[in-house]
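Heads up: the structure comes next, in structure tokens.
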Amino acid sequence: MAHSAAAQGALISPVGHAQAVFFLRQLVGWWFFMLGRFKLFDAGTAAIVEEAFVKGYSGGWIPEFALRLGGYFDVYAEFLCGLMLILGFRVRLAVWLLMALLVMVTFGHQVKEATFAMGPRVFPPAMGLVGIALLYTPARDVLSVDALTARLHTRLFGAVAGGPKRPA
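Every number in my numbering is 462 more than the matching position in the sequence shown, counting from 1.
Take a look at the structure:
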């Protein structure tokens, strides 16, 4: 009996699928994690928020509290969600938060400069996030905390998602 991806009607094999998702998670995760690490520990969170967000957009229509909130969200989301992608922990949540971050950043750049082009700082990680969103399933991403916890949950409680099986 044939077990190839084509014979099963799949575009890629389970191993190829797992490999692609793992690669995307690592690539995008490290990109965001290192950027967040730089902002947190090298440049300093307060300095980034003050310079890039508050001073960078002062005098506009966006209130200062929103600029500060966006600045802190930017730094911590990059760092924490990047780490979540690297580890494969709560991948869907991390992808949603990072997608929201990129929408916010792109919006901010458009407010400041209407002709802002999504260049190498926004477009590649955005496409990586789209790839993860399309391909990710914990069952197939075997090298992740999510897959490990799913397997552990199945062993402890069975296939029912609602908790332990009750005797009949």
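Glycine included, every Cβ here is placed at the ideal spot set by N, Cα and C.
Please work out which residues of its chain come closer than 8 Å, Cβ to Cβ, to residue i, disregarding the five sequence neighbours upstream and downstream, and give them in chain order.
i: L641; result: Since the displayed the chain opens at 463 and closes at 630, residue 641 lies outside it and no answer follows.
Can you list, in chain order, the residues of its chain whose CB lies under 7 Å from that of residue i, leaving out five sequence neighbours each side?
i: V584; result: L564, V567, T568
i: L497; result: E540
i: G522; result: V573
Quick check on residue i: does DSSP put it in helix, strand or coil?
i: G620; result: coil
i: Y534; result: helix
i: A612; result: helix
i: M580; result: coil
Taking its Cβ as the centre, do 16 or more other Cβ atoms sit within 10 Å of residue i, making it buried, or is it exposed?
i: A556; result: buried
i: L596; result: exposed
i: V477; result: exposed
i: G491; result: buried
i: L531; result: exposed
i: F515; result: buried
i: R617; result: exposed
i: F495; result: buried
i: D504; result: exposed
What separation, rounded to the nearest whole angstrom, lies between the Cα atoms of residue i and residue j?
i: R637; j: K501; result: Given a span of 463 to 630 for the chain in the structure shown, any question on residue 637 remains unanswerable.
i: F619; j: L547; result: 26 Å
i: V511; j: I474; result: 43 Å
i: A508; j: D603; result: 36 Å
i: G544; j: W493; result: 7 Å
i: R552; j: A588; result: 18 Å
i: P582; j: H615; result: 40 Å
i: A601; j: A609; result: 6 Å
i: Y534; j: F578; result: 22 Å
i: K517; j: T611; result: 44 Å
i: M580; j: V607; result: 32 Å
What does a CB cutoff of less than 6 Å around residue i pick up in its chain, not counting 5 residues either side in sequence?
i: G593; result: L486
i: R554; result: none
I need the boundaries of the alpha helix (DSSP H) containing residue i, first residue and last residue.
i: R552; result: Element bounds for R552: n/a, residue is neither H nor E.
i: L605; result: Counting along the chain, L605 falls outside any alpha helix (DSSP H), and DSSP gives it neither H nor E.
i: V490; result: 476-499
i: F503; result: Here F503 belongs to no alpha helix (DSSP H), and DSSP marks it neither H nor E.
I'd like to know if residue i contacts chain B, where contact means its C-beta is closer than 8 Å to some C-beta of that chain.
i: R552; result: No chain B is present in this structure, which holds just one protein chain.
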